[in-house]
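J.: Note that the protein sequences, when read in sequence, are chains L and D. Residue numbering for the first sequence follows the numbering used here, starting at 1 and increasing by one per position. Residue numbering for the second sequence follows the numbering used here, starting at 1 and increasing by one per position. Using N, Cα and C, we set each Cβ at its ideal position, and we do this for glycine too. Take a look at the following structure, please.
Protein chains: 2
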Amino acid sequence: MDLQDYFSDLTRRPGCTALAELFQLTERPDIISFAGGFPAPEMFLPEEAAEVTRQLLVEKPFTVLGYSPTPGFSALREFLAERQSRLGIPAAASELMVTSGSLQGLDILGRVFLNRGDRVIVEAPNYLGALSTFASYDVRIDAVPVDAEGLDTAQLAGLLEQRRRQCSLPKLLYTVPTFQNPSGQTMSHRRRQELLALAGSYGFLIIEDNAYGELRFAGEEVPTLKALDTGESVIYLGTFSKILSPGIRIGWIHAAAEIIERAVLVRQAMDQCSNSFGQLLALEFGRRGLIEKQINKTVRLLGERARLTLDLLAREFPVGTTWTNPEGGFYTWVTLQPEVDTAQLLSHCIEKARVAYVAGVAFYAGKGGNNQMRLCYSQPSLDDIARGIPRLARALTTPL
Amino acid sequence: MDLQDYFSDLTRRPGCTALAELFQLTERPDIISFAGGFPAPEMFLPEEAAEVTRQLLVEKPFTVLGYSPTPGFSALREFLAERQSRLGIPAAASELMVTSGSLQGLDILGRVFLNRGDRVIVEAPNYLGALSTFASYDVRIDAVPVDAEGLDTAQLAGLLEQRRRQCSLPKLLYTVPTFQNPSGQTMSHRRRQELLALAGSYGFLIIEDNAYGELRFAGEEVPTLKALDTGESVIYLGTFSKILSPGIRIGWIHAAAEIIERAVLVRQAMDQCSNSFGQLLALEFGRRGLIEKQINKTVRLLGERARLTLDLLAREFPVGTTWTNPEGGFYTWVTLQPEVDTAQLLSHCIEKARVAYVAGVAFYAGKGGNNQMRLCYSQPSLDDIARGIPRLARALTTPL
C-alpha cells in the first residue's frame, strides 16, 4: 500500500509549510527569533491567571470539564457583545460566536461562504495563515498591494472594474486593516471609507481581522471597518491570542445573526465547540478588568521593543534598506535591495547568526517578497533585540 | 444586500442540524435527556482536576498561556504513544498528533485524503457528527448495516465487488467498532479480521474511531482494528472526551508518520493547534494514573445505568419493540413498530413527557431509522432513568 496514492489534491499543492517551520523554531532556545508572531511571556499575567483558574476549578469544576454549546457559553457571548462597544461596534449576543482562535473563524467563514472557484481578494503581502485557509477552499485569489495607508483602494477599484467586465466579481475581501500582519501598516480612515464604498458598489463582503487593533503604542486611533459599516458588509474576527493568551485558543466572529447561525451549523462538522477552560478564563479576565491591564502592559513593552528595533534597523542595516513604521502591533516589514533573496538567506542567518525571521515570499499569494522579510519584535527582549538586529545585519551583508 | 446570495452550497444542503438541537437541549434543566452523548458530571474527578490545575498554573504558567506546537506538546505525544500500548498498539510519538477532539481528527483526515467525489463507506446507522464532516467534503457515501456483530462484512464484500465492477472503489471506511455510536453494538473479532482482509484486497483505508472502547462494563475485550492491522490500513482516532473531560477538547490521531506530517500541514490552515491547558491537564492526569481512576468510576456508573435502562425498556416499552444490549459505552438503540415515526414524536415527548432522545433518521446517510431512536444512558441519574423511561414509554403510546 503506497499512501501517496491516497492523499488529497490539497496536500500536493506547494506552500503551506512556512507556518510549520515557524512553530519549530520556537522550540530552539539558542535562536533569537523575530519569526513567530507570538506575545512574549512577560506580557502575560501569570499570577492573576493562577488565581482566576483556582477559583474556576473550585466554584464551577463541572462547567470547566463539561462541553460548551457550539456557539460558545452564553455568558461569554454576552460579554463579547458588550466588549465590542469598546471598539465602537455595539452588538447582540446572537451576532457573536466563540471560535478556537481567529484563524478558525476564517476557516468557518470559508465553509459558510466559499464554493470552489469563487473569487477572493487578499492583501499583498497578506497574513500567511489566511492564505493557507483560502487554499483549502480552492478559490481564485486576487491580491491588492498594501502601502503606508493600508490596502490601495485605487488599485482595488481598477481590479474590480476589470473583474466586473469579466463577470467574475469577488465574493469576499480579507484584510487586517490595523497594524497589519505582516507589514505593520494601518489603513487610513479615508481608505476605510473608500473600501466600504467599493464593497457596497461591487457587492462583496469584507472580513476584517482585528487581531492587533487594541495594541496601539503611537499615533491616533482609527475606527474599525465594522464600526464604519452602515450596512452588513463587514464580518469581524477577534481573538484573545494577543491580549490575553494564545494557548487558550479563543477568538470570536462578530457578524449578522444569520451568518452566525450558519457558522454554528458548519462548526458541528469541524470541532463542535471551543474548550471550556479558555472561554471561562477569558470571561473572568474580562469581568475583572484584567484584559485591559494586560493590554496596557503589552502596549508598553511593544512600544519599547518597536522603537529599539526601528532605531537599530536605521543604524545597522545596509543603505538602501527600507522598513515600515508601525504605530502598534507586532511587526515591521523590511525591504532590502532588489537582488537580496531573503528566503535563500534564512538558513544562513539561522546557522551563522542564530537569528530568525520570516522570508517575504511566504506572505504573497502570487509572486513577490523576494527581497523582503517580516520582523516580529514582540517576543525578543530588549537585550535580544540589541544583540539580534546587528547580528542579522552582518549576516545579510556577509557573502554566503 | 441579501446575504442568501452569498452562502456556500454546503450551507444549502439539508441535515447538519440534529447536533445543534442536541446541544440546545443540554441547556434546559427541566428535561430528562437521553439525547446528548455526554459523560455525567458524577464521572469527573473535580478535586483532582482542581489540584492538578493549581500546580500547572503555579509551576508552568507560561506553558499554559503560550502556544502549543501544531502537532501537540512533545511530552503529550510521547505519553499518548506509550498509552496506546494499553490498547495493544505500540506507537512512536511521530505517529501521533493531538487534535481538538476526535471529530476534528476526522475533519483533518478529510482534508488530508478526500477530493470531491471520492467514495467513502460509513455504517448504517452512523455517528452523526461524522456524517456532517463527510458532507463538508462533498464525497459519495455508501452505508453498510451494523448488526449484533457490528459492521456486516458480507454486505460490505458484496458492495465492494459491485463498486469494483463500476471502477468506483472507496478510499476510506469510517467505523466506531466498539460500543458504536449510536447502536451500542461491538464488531466481533471475526468481523474485524474480515474487514481488515477486505481493506487489503480492495485497497481502502479504515478510520477507527475508538471514543468508547475503554468503557466496557460487561463481556470480553476485543482487540482494536489498529492492533490487528499488520499493514498500514488503519488510522486510529482517540479522545479524552469520554474518559477525562469533553470540555478540554483534546483527542488524537494515531497513524503512519507520513499521514501525521500532512495532517500537521492542513491543520495550520484550520486552527493551528489545540489549547495548551487541555493538553497539560490530560498529560498530568495520565502521569498520575487519574485517567484509569476516572475510567473505573465511569465504567461502574455506566454499567448501573445501562442495566436499569434495559430493564425498564423490557418492562415499560410496547410489545414488538427491540433494543440492543451494549457491553460498554453510552448507548442503546431502540427499534419500535414500523409505523412509529420517532422524528415526528420527538417534540411531543419533549413537551408532554419532558423526555428527550435522538430520532433515528439523524444517523443514516440515506433513508432509514424512521422507527428508531438513540437512548444515551450516561447522563441521566438512576432516578432520572427510573422516572424517564416509563414517561417516554407512555408518551410513545399516547396518541398525539
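#1: Residues bridged to Tyr331/D by DSSP?
#2: Would you mind stating whether Gln268/L and Ser132/D have Cβ atoms separated by less than 7 Å?
#3: Measuring alpha carbon to alpha carbon, tell me which of Arg119/D, Leu237/D and Tyr202/D ends up nearest Asp107/D.
#4: Select from Gly368/L, Leu301/L and Ala353/L the residue whose C-alpha is nearest the C-alpha of Ser378/L.
#5: Would you mind telling me which residues of chain L sit closer than 8 Å to Pro46/D, beta carbon to beta carbon, in chain order?
#6: Using only CA atoms, which one of Lys352/L, Leu172/L, Phe73/L and Glu51/L lies nearest to Leu283/L?
#7: When DSSP labels each residue in this structure, what does Asp229/D get in the three-state scheme?
#8: Does the beta carbon of Leu10/D sit closer than 7 Å to a beta carbon anywhere in chain L?
#9: Which whole-angstrom value describes the C-beta separation of Tyr137/L and Leu114/L, a residue pair presumed to lie in contact below a C-beta threshold of 8 Å?
#10: Name the chain L residues that come within less than 7 Å of Lys226/D, Cβ to Cβ?
#11: So, under 8 Å CB-CB, Ala395/D and Ala356/D are touching, yes? Tell me the CB distance rounded to an integer number of Å.
#12: Are the Cβ atoms of Arg86/D and Arg119/D separated by less than 7 Å?
#13: Measure the C-alpha to C-alpha separation of Arg387/D and Ser68/D and round it to an integer number of angstroms.
#14: With DSSP run on the structure shown, which of helix, strand or coil describes Ser402/L?
#15: At a Cβ cut of 7 Å, what residues of the stretch 84–116 of chain D count as close to chain L, listed as they run along the chain?
#16: Relative to the C-alpha of Gly66/D, which candidate in Thr332/L, Gly278/L and Leu172/L has its C-alpha closest?
#17: Closer than 8 Å between beta carbons: that is the criterion. Which residues of the stretch 258–279 of chain D meet it against chain L?
#18: If we ignore side chains and look at the alpha-carbon of each, how far apart do Cys16/D and Glu51/L end up?
#19: Determine the DSSP secondary structure at Ala81/L, reduced to helix, strand or coil.
#20: Could you work out which residue in Val222/L, Leu228/L, Phe44/L and Gly247/L is closest to Ser102/L when comparing CA atoms only?
#21: Return the chain-ordered ranges of every beta strand (DSSP E) run that is complete within the stretch 97–136 of chain L and spans a minimum of 3 residues.
#22: On the DSSP letters alone, give me the boundaries of the beta strand (DSSP E) that Ala91/L sits inside.
#23: Which of the residues in the stretch 125–140 of chain D, read from start to end, lie with their CB under 8 Å from any CB of chain L?
#24: CA-CA distance, Ala63/L and Gly368/L?
#25: For Leu172/D and Ala199/L, I'd like the C-alpha separation in whole angstroms.
#26: Using a Cβ-Cβ cut-off of 7 Å (strictly less than) and excluding sequence neighbours within five positions of Phe285/L, which residues of its own chain qualify?
#27: On the DSSP letters alone, give me the boundaries of the alpha helix (DSSP H) that Gly320/L sits inside.
#28: According to DSSP, simplified to helix, strand and coil, what is Asp152/L?
#29: If you draw a straight line from the C-alpha of Leu109/D to the C-alpha of Leu96/D, how long is it?
#30: In chain L, what lies closer than 7 Å to Ser245/D by C-beta?
#31: Any idea what DSSP makes of Leu215/D, helix, strand or coil?
#32: Using 8 Å as the threshold, is the stretch 162–180 of chain D in touch with the stretch 323–336 of chain D, meaning 3 or more CB pairs across them?
#33: Among Phe34/D, Gln4/D, Arg28/D and Asp2/D, which residue has its Cα nearest to the Cα of Asp384/D?
#34: Are the beta-carbon atoms belonging to Val222/L and His189/L less than 7 Å from one another?
#35: In chain order, what residues of the same chain have a beta carbon less than 6 Å from the beta carbon of Thr397/L, not counting five sequence neighbours either side?
#36: Smallest Cα separation from Asp209/L: which of Arg12/L, Tyr174/L, Gln344/L and Pro41/L?
T.: With the given structure in hand:
#1: Cys376/D
#2: yes
#3: Leu237/D
#4: Leu301/L
#5: Leu57, Pro61, Phe62 and Leu65
#6: Phe73/L
#7: coil
#8: yes
#9: 4 Å
#10: Within chain L, no residue comes near Lys226/D; the closest Cβ sits about 15 Å away, beyond 7 Å.
#11: Contact doesn't hold; Cβ gap of about 11 Å is too wide.
#12: no
#13: 46 Å
#14: With chain L running from 1 to 400 in the structure shown, residue 402/L is simply not present.
#15: Ser100, Gly101, Leu103, Gln104, Asp107, Arg111, Val112, Phe113, Leu114 and Asn115
#16: Gly278/L
#17: Glu258, Ile259, Arg262, Val264, Leu265, Val266, Gln268, Ala269, Met270, Asp271, Gln272, Cys273, Ser274, Asn275, Ser276, Phe277 and Gly278
#18: Any reading at Cys16/D must be qualified, since the residue scores a pLDDT of 48, below 50, and its modelled position is unreliable; the value itself is stated next. Rounded to the nearest angstrom, the two C-alpha atoms are 40 Å apart.
#19: helix
#20: Gly247/L
#21: 119–124
#22: Ala91/L -> no beta strand (DSSP E), and no H or E assigned at all.
#23: Gly129, Ser132, Thr133, Ala135 and Ser136
#24: Looking at the sequence itself, residue 63/L is Thr, so the reference to Ala does not match. Distance between the alpha carbons of Thr63/L and Gly368/L: 48 Å.
#25: 42 Å
#26: Val52, Leu244 and Ile291
#27: Where Gly320/L is concerned, there is no enclosing alpha helix (DSSP H), given that its DSSP letter is neither H nor E.
#28: coil
#29: 13 Å
#30: Leu65
#31: coil
#32: yes
#33: Phe34/D
#34: yes
#35: Pro318
#36: Tyr174/L
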